[in-house]
Amino acid sequence: MLFADDVVLVDESRAGVNRKLELWRRTLESKGLRLKGDVTLDGQVVVQNDTFRYLGSVLQKNGDIDEDVRHRISAGGLKWRQVSDILCDKRVPQKLKGKFYRIAIRPAMLYGAECWPTKRRHVQQLSVEEMRMLRWFCGHTRRDKVRNEAIRDRVGVAPIEEKLTQHRLRWFGHVQQRPPEVPMRSGVLERVDNVKRGRGRPKLTWDESVKRDLRDWNISKEIALDRSAWRLAINVPEP
1 MLFADDVVLV DESRAGVNRK LELWRRTLES KGLRLKGDVT LDGQVVVQND TFRYLGSVLQ
61 KNGDIDEDVR HRISAGGLKW RQVSDILCDK RVPQKLKGKF YRIAIRPAML YGAECWPTKR
121 RHVQQLSVEE MRMLRWFCGH TRRDKVRNEA IRDRVGVAPI EEKLTQHRLR WFGHVQQRPP
181 EVPMRSGVLE RVDNVKRGRG RPKLTWDESV KRDLRDWNIS KEIALDRSAW RLAINVPEP
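One point on numbering: in the UniProt record's numbering, the residue at position 187 of the sequence shown is 187, and numbering is uninterrupted.
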């Protein structure tokens, strides 16, 4: 898989990945390019990691998203700290603070979230972090016992849980609108048959998350074929 200057080699075994990596090295050398020696050298096995960062997202060996969610929360916190002096300034209108949050901080927290098969704990982690920031905008803490809805109305920010669902359904609609022969559509929407599952409870998959979203929002997936209707159906307005 190629993306700009990034290359991903996929195989069912480490040996298969190394064979492809060696083929990639020879191909580069035939064009006058050279692969760095500390990546691979004469068939040496590439170091295997449990997590790695790719295009801004943290991928885990076991397929979970815990590390990526934590990374996104940290990214949002970094954005917050960079401008906290302004956002906590009482002279700045609260609606303006909310607008800045929607433009700069929330996108950092939801980057890549359209591909997440989220569990309840992931949503809770994001919601807690968001409300912590919004309360600070308004000069409140949880001890003040001001309702979350009241805080959101003041700053004009919709719940991050709803925005996360909107992101996922927007991506689903984008894939659904592609022609059936497009690899992206078959790779995302079609299940692989005859796959042996491991022991224990099966992992939550992305398509199962989408089905849950459609059920909770009472939306039919057929609407996704109409771009305008789909955009209207999944819209989450700010307060």
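Every residue, glycine too, gets a C-beta built ideally from N, C-alpha and C.
Nearest neighbour of residue i, chosen from the options [CA to CA]
{"i": "W80", "options": "F52, D50, K90 and I103", "result": "I103"}
{"i": "F137", "options": "L9, K90, D64 and G77", "result": "K90"}
{"i": "A158", "options": "E181, N62, N235 and L59", "result": "N235"}
{"i": "E238", "options": "Q176, E161 and G63", "result": "E161"}
{"i": "A108", "options": "P93, G76, R120 and K20", "result": "G76"}
{"i": "W206", "options": "D64, K97 and K95", "result": "D64"}
{"i": "K203", "options": "N62, D144, Y101 and K211", "result": "N62"}
{"i": "R170", "options": "E29, I219, L23 and L78", "result": "I219"}
{"i": "E129", "options": "I105, Q176, S228 and E29", "result": "I105"}
{"i": "R120", "options": "K31, R212 and S84", "result": "R212"}
Host beta strand (DSSP E) of residue i (start-end)
{"i": "L59", "result": "S57 to Q60"}
Run of the alpha helix (DSSP H) containing residue i, from where it starts to where it stops
{"i": "T51", "result": "Unbroken run through T51 is the beta strand (DSSP E), T51 to Y54; no alpha helix (DSSP H)."}
{"i": "R70", "result": "D66 to L87"}
{"i": "P107", "result": "R106 to M109"}
{"i": "I160", "result": "I160 to Q176"}
{"i": "W116", "result": "Per DSSP, W116 belongs to no alpha helix (DSSP H) and is neither H nor E."}
{"i": "I151", "result": "N148 to V155"}
{"i": "N18", "result": "R14 to S30"}
{"i": "V123", "result": "R120 to F137"}
{"i": "S220", "result": "Segment: none, S220 is in no alpha helix (DSSP H) and carries neither H nor E."}
{"i": "Q48", "result": "It is not in any alpha helix (DSSP H) - Q48 carries neither H nor E in the DSSP assignment."}
{"i": "K95", "result": "Q94 to F100"}
{"i": "R231", "result": "R227 to A233"}
Own chain residues within Cβ distance below 8 Å of residue i, not counting five before or after
{"i": "S209", "result": "W116, P117, T118 and R168"}
{"i": "M131", "result": "N148 and I151"}
{"i": "L164", "result": "L110, A113, W116, T118, V123 and L126"}
{"i": "C88", "result": "W136, F137 and G139"}
{"i": "G56", "result": "Y111 and G112"}
{"i": "L60", "result": "In the sequence as displayed, the identity of residue 60 is Gln instead of Leu. Closer than 8 Å at the Cβ level, and outside the excluded window around Q60, lie D50, T51, D66, E67 and D68."}
{"i": "Y101", "result": "L87, M133, L134, F137, V155 and V157"}
Nearest-angstrom Cβ-Cβ length linking residue i and residue j, presumed shorter than 8 Å
{"i": "Y111", "j": "R72", "result": "6 Å"}
{"i": "R19", "j": "L35", "result": "Between L35 and R19 the Cβ distance is about 14 Å, and since that is not below 8 Å, they are no contact."}
Cβ neighbours of residue i in the same chain (closer than 7 Å, five flanking residues each side left out)
{"i": "residue 241", "result": "The question about residue 241 has no answer here: the residues shown for the chain are numbered 1 through 239."}
{"i": "P183", "result": "none"}
{"i": "R53", "result": "none"}
{"i": "R178", "result": "M184 and R185"}
{"i": "residue 282", "result": "Any property of residue 282 remains undetermined from this structure, which presents the chain solely from 1 to 239."}
Same chain only: Cβ atoms within 6 Å of residue i, ignoring 5 sequence neighbours per side
{"i": "G173", "result": "A224 and W230"}
{"i": "G156", "result": "K95, G98, E238 and P239"}
{"i": "Q176", "result": "A224"}
Short CB-CB distance (under 8 Å) between residue i and chain B
{"i": "V128", "result": "The chain labelled as chain B is not found in the depicted structure, where only one protein chain is given."}
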